[in-house]
Each structure stands twice: as structure tokens, then as C-alpha cells.
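> Below is a structure I'd like to ask you about.
In the numbering used here, the protein residues as written are 3 to 74.
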């Protein structure tokens, strides 16, 4: 059997981002701290508006199932 070769992507340039997040860059400094070019409050506001929270959806689903069981 032959070993699978690992392909390394050699993409250069910046990745595509949502227009509200244009200019957003993240890097890790020598101490392992994340450095961002955008304010964390702005990022959180964007995520709240555009991404569903899985934990909240699961909690709502469990509560709905409990109510259905009680009604039976």
C-alpha cells in the first residue's frame, strides 16, 4: 500500500469575506495572542445578525419537545 500524499494549498492573497467585514485580518503574535484589525464588538454584532446560535436553537427545540410530551 502506498501512503497518501498530503497536498498543501499554495493560495496567496486574501480570502473572500462578507462586505461588512472587508479589511478584517487576524494574526497571532509571538506570545500566542490573537491580534485583530477590527473591534471585537463589531465582529460580535455582525455574528449576532448573520449567524444562528446552535445552542439556543437546540434549547428551544428541547423545550418544545417537553411541552409536547406534557400535552399528551
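Ideal Cβ placement from N, Cα and C applies to all residues, glycine included.
Please read these numbers as outputs of a predicted model, since none were measured by experiment.
Whole angstroms is fine: what's the gap from residue 61's alpha carbon to residue 68's?
When rounded, the distance between both Cα atoms is 11 Å.
> State the Cα-Cα distance for the pair residue 15 and residue 51, rounded to the nearest angstrom.
Between residue 15 and residue 51, the C-alpha separation is close to 28 Å.
> Provide the residue(s) that pair with residue 47 in DSSP beta bridges, ordered along the chain.
None, per the DSSP bridge assignment.
> Compute the Euclidean distance between the alpha carbons of residue 1 and residue 72, then round it to the nearest angstrom.
For the chain, the structure presents residues 3 to 74; residue 1 sits outside this window and is missing.
> To which residues does DSSP link residue 39 through a beta bridge?
Residue 39 pairs with nothing; no bridge assigned.
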